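Asks: Once you've had a glance at the structure underneath, I'll fire off some questions.
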Amino acid sequence: MVDNALCHCDIGSPGRATNRSKVIMARLHEYHGKQLLREAGFAVPKGQVVRSQGEVPAALAISGLPAVVKAQAWTTSRAAQGAIAIADNAGDVTAAAARMLSLKIGGFDVTEVLIEEKVDINREFYAGIVVDDANKTPVVIFSSIGGSGIEELARKYPKNVSKTPVDVRFGLREYEAREAVRKTGVTGSLQNELTKALLTLYRVARQWEARSAEINPLVLRGDGKLVACDCRITVDDSAVFRHPELKIEIAREFGRPPTALDKIAWSVEKDDYRGTFYFIEMARGYKKGEGFIGFHGAGGGGSMMSMDALVKRGYTIANFTDTSGNPPASKVYRAAKIILSQPNIDGYFGSGSGVASQEQFHSARGLVKAFWEENLSIPAVIRLGGNGEDKAIQILTEYTKNLPAPVEGYKKDDTADFCAQRMQKLLEAQPDKAAPRQMALPVTPDFTAKDPYSFETPTGKVVLDHALCRECQTKSCVQTCVPQILKNQDGVVVLNISREDAKAGKCIECLACEVECRIGGNSGGRVILPIPGLEEYRAKIMGA
Amino acid sequence: MSILVDETKTVIVQGITGREGMARTQLMQRYGTRVVAGCTPAKGGQDVLGVPVFDTVMEAVEKMGSIDVSTIFVPAPLVKNAALEAIAAGIKLLVIVPDRVPIYDVLEIAAAAKDAGARFIGPNTLGLLSPGRAVFGMIGGSASSAKDWFLPGRVGVTSRSGGITSSIAYYLSRAGIGLSTIIHVGGDGIIGTDHPAVMELFESDPDTDCVVMFGEIGTSQEERVADLIASGKFTKPLVAYIGGKGAQSGTRFSHAGAIIEGDRGTHDGKVKRLREVGATVVDNFGDIPDAVKTIIRPMETAKIPIIE
């Protein structure tokens, strides 16, 4: 009811694309949603967003007085949190905006405040488009008695709330929209206007591929005009790539704005469809020795369960990470590097469902490369159960023996609980838990080849030092290369396919030509896998 | 018997020349699945692992005769076209493996499938497997693992998590409990064949005695399974585990469908509804095999004929 009572609106300029500001996530803020509605010809309150007190006069020039001041935050109870105010004069508006810009809502800072014109409310409606998982169709929900607690309203007053499934191939028909309105008891010219409003809302939802698009309240103003006074639009994360004009920075859904590390992780995942990489930073501002763990899961269900196993033992998850769906070793490597960019984690815990379909030695190689580069000094417990688990555990544990910290590997018959117990044991055995950890900088250690031979991979570059290659007895990279794209030619290793094919994906970035070469060869192979932004990020936090 | 999957059905692999398509074709072949054709646009005429590759699904059907199942391994942005093509070619079961397929694409596939009387599993699924018979998709990863991990029997498994599908099936097999069919319905919010649909299939399968379900926060699937039980449409014993107890509202943990929106799709709500209608909901994942044993042992005992 909150937003309803305080709502004030006027009409912007319909049918015109707004000069859009950057949108952070697929869950749009109120004012972003209103921009999309206005472009589609929907009437929305006249107003403007401010990011500082100094911008208030310009906003007031648009909204006029009295005005409504609304903090832009992803919460449903803004008024209760002091995030909505109504003010009659410029001084009060400025004071309210300044106060809101210092608010923390749901653990994050309010950085944007919307200032809008006050509107006199004649009557309130609710209109929403949601995707129904049971029917597998979009559904139009319309209420003639407002929409606060729409589910509850629908139960209590079924005659006033209609639900209309839409055939996604044809879109919402005029008669369907009218019937949706008519069923709730609305007649006459108001029925016409509401029908049009539903058609427009559906068009917006469909155009931007919204998982949900709600106008609550949809207000009938004193002069008989319908105005969208609040609006929530959530674009489908998986469709964000089709809407570059929305400038959505990160197609992930968090309960807060993404952190710098979240964004770096998303840049790794964005264009790489090989497997899945999820990363959410869950904690900040903690110190080394306080029991925060870098978490690296595999598979959504198993990750959540493994997380719970750690939490039960009194640890806190510094981040949630999931690499699954058969990701290449390069993706697992990048995930590990990002996890290890959290300087104050006490340990590294990897565990998923335990019985993975993917070949686990890929993950092992990715982890080993990252652990080597970081000269891992915090204990790691990794469960790599599933396909190729024996080989995976051998790579993981044998190859990391010389690192300062212990790395333990487990298989499918070891439970997540048992692994969490091992993590605890290793952490308790640490002599100085609060001792700071050094992160690698540069992020990718320098490798100078005397006689370099290199080729590009889908997301990086392989460099083989033929000077070292010539002295190598084993050419272990040739045997261990998973896609078998290397050959021994006159004593050095080269591609046995074209460079174009390697870059196009024949090279699957299995990392064997580095990891196996450094163990069983002459250490002449490196895979350079850039992670945009990580260098600067580390430099910044290490300097601080 | 089994639901949906067996060794008699013919399968086409869409995206057979890609990294995943090729690897999973090998898995399916070696496990006993009848892979008869592959499809990659503009790569027709090739041969992958002895399977002929066609430019279009229509061409495959033209040359090979009707095909029962399509397993789809193409990048997410191309899934809609591939699925609509398979449906248009008369294929009645689609297994859509890729992750990150846009929701409105899935809705279009759903509408076309409904009209054509076709069914799809996924998206974002490992597929389905009937031990000792066949696999559609990529459960097990390799044939030798799949043979080793999953024993045939009379318990059905349905899960919203791929890894957990394998885990449950593996831990049940290791506990001596065999499986009729295991199915990963997919981790997305909108999927073709959800838990309730699977329950109806298991209900009519004479060789499934009991079902294990891995549910998660988000969507209405588990609540609708409870509705099926309440209305007598699912009558077999059900053991369930619901993941995501510790998840925060509004944040998504990997699976697109695993998100609580408002007060819907909560962990507690699902557990409560399922318990109300008599399902066994275990609090610890590790308790699933014991819970199943408690149910099926008396059933097995009851089946032993009494000799006078």
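Those sequence lines, one after another, are chains A and B. Under this note's numbering, think of the first position of the first sequence as 1, with each following residue one higher. Under this note's numbering, think of the first position of the second sequence as 1001, with each following residue one higher. Beta carbons: idealized from backbone N, C-alpha and C, even for Gly. Note that this is a predicted model, so its numbers are computed, not measured.
Taking only beta carbons into account, state which residues of the segment 497 to 531 of chain A come closer than 8 Å to chain B, listed in chain order.
Replies: G505, I508
Asks: Note the first and the last residue of the continuous alpha helix (DSSP H) segment covering A/E398.
Replies: 389 to 398
Asks: B/P1152 touches chain A at which residues, Cβ-Cβ below 8 Å?
Replies: Residues of chain A passing the Cβ test: none, with the nearest at roughly 18 Å.
Asks: Can you pull the chain B residues whose beta carbon is under 9 Å from the beta carbon of A/P138, in chain order?
Replies: Counting only Cβ-Cβ distances below 9 Å, A/P138 has contacts in chain B at Y1104, L1107, in chain order.
Asks: If we ignore side chains and look at the alpha-carbon of each, how far apart do A/K337 and A/L310 end up?
Replies: 21 Å
Asks: Could you have a look at A/G54 and say whether DSSP puts it in helix, strand or coil?
Replies: helix
Asks: Listed in chain order, which residues of the segment 229 to 252 of chain A have Cβ atoms closer than 8 Å to some Cβ of chain B?
Replies: Listed by position, the residues of the segment 229 to 252 of chain A near chain B (Cβ gap below 8 Å) are D236, D237, S238, A239, F241, R242, R252.
Asks: Excluding the five sequence neighbours on either side, which residues of its own chain have a C-beta within less than 7 Å of the C-beta of A/R526, listed in chain order?
Replies: F447, V463, E514
Asks: Residues in the segment 120 to 144 of chain A with C-beta within 8 Å of chain B's C-beta atoms, listed in sequence order?
Replies: If the cut-off is 8 Å between Cβ atoms, the segment 120 to 144 of chain A has V131, D133, A134, K136, T137, P138 near chain B.
Asks: Give me the subset of the segment 146 to 169 of chain A whose CB atoms are less than 8 Å from a CB atom of chain B, sorted by chain position.
Replies: E151, D167, V168, R169
Asks: Any Cβ of chain A within less than 8 Å of the Cβ of B/V1095?
Replies: no
Asks: Any idea if B/P1098 is buried or exposed, counting beta-carbon neighbours within 10 angstroms, 16 or more meaning buried?
Replies: buried
Asks: Buried or exposed, going by whether 16 or more other CB atoms sit within 10 Å of the CB of B/S1070?
Replies: buried
Asks: Please state if the CB of B/G1156 and the CB of B/I1139 are separated by a distance shorter than 8 Å.
Replies: no
Asks: Got a sec? Which residues, its chain only, sit under 7 Å from A/A40 by beta carbon, not counting five neighbours each side?
Replies: Closer than 7 Å at Cβ, skipping near neighbours: T200, R203, V204.
Asks: Would B/F1054 be called buried (16 or more neighbouring beta carbons within 10 Å of its own) or exposed?
Replies: buried
Asks: Could you check what DSSP says for A/N192 in three-state terms: helix, strand or coil?
Replies: helix
Asks: Any beta carbon of chain B sitting closer than 8 Å to that of A/D272?
Replies: no
Asks: Tell me where the beta strand (DSSP E) around B/R1154 begins and ends.
Replies: 1152 to 1159
Asks: With DSSP collapsed to three states, give me the class of A/L6.
Replies: Note that A/L6 scores 35 on pLDDT, short of 50, meaning its location in the model is unreliable; the coordinates nonetheless yield the value given after this. Note: A/L6 maps to coil in three-state DSSP.
Asks: Taking only runs that begin and end inside the segment 1108 to 1147 of chain B, name each unbroken beta strand (DSSP E) of 3 or more residues, in chain order.
Replies: 1119 to 1121, 1127 to 1130, 1134 to 1137
Asks: Measure the CB-CB distance between B/H1163 and A/S353 and report whether it falls below 8 Å.
Replies: Looking at the sequence itself, residue 1163 of chain B is Gly, so the reference to His does not match. It is a contact, given that the beta carbons lie within the stated cut-off.
Asks: Helix or strand or just coil, what does DSSP make of A/I62?
Replies: helix
Asks: Are A/V407 and A/F371 touching if we call contact CB-CB under 8 Å?
Replies: yes
Asks: Under 8 Å between C-beta atoms, does A/E209 make it to chain B?
Replies: yes
Asks: Bridge partners for A/I233 per DSSP, in chain order?
Replies: A/A213
Asks: List the residues of chain B whose Cβ lies closer than 8 Å to the Cβ of A/T415, in chain order.
Replies: G1286
Asks: Does the beta-carbon of B/S1231 have 16 or more other beta-carbons within 10 angstroms, so that it is buried, or is it exposed?
Replies: Counting every other CB atom within 10 Å of its CB across the protein chains shown gives B/S1231 a total below 16, marking it as exposed.
Asks: Can you tell me whether A/K136 is buried or exposed, with buried defined as 16 or more other CB within 10 angstroms of its CB?
Replies: buried
Asks: Exposed or buried, which one is B/D1194 when buried takes at least 16 other CB atoms within 10 Å?
Replies: buried
Asks: Got a sec: which bits of the segment 351 to 379 of chain A sit with their beta carbon under 8 Å from any beta carbon on chain B, in order along the chain?
Replies: Correct list: G352, S353, G354, V355, A356, S357, Q358, E359.
Asks: Return the chain-ordered list of same chain residues with a C-beta closer than 7 Å to the C-beta of A/I100, the five sequence neighbours on each side being excluded.
Replies: It should be pointed out that residue 100 of chain A corresponds to Met in this sequence rather than to Ile. The residues are V69, A71, A83, V110, V113.
Asks: For B/G1186 versus B/N1124, is the C-beta distance shorter than 8 Å?
Replies: yes
Asks: Interface residues of chain A around B/F1214 at Cβ under 8 Å?
Replies: By Cβ distance, chain A contributes G301.
Asks: Grab me the residues of A/C547's own chain with a C-beta within less than 8 Å of its C-beta, minus the 5 sequence neighbours each way, in chain order.
Replies: What is shown of chain A runs 1 to 544, which leaves residue 547 of chain A out entirely.
Asks: What are the start and end residues of the beta strand (DSSP E) that includes A/F347?
Replies: Residue identity check: residue 347 of chain A is Gly in the sequence provided, not Phe. Here the beta strand (DSSP E) through A/G347 covers 347 to 350.
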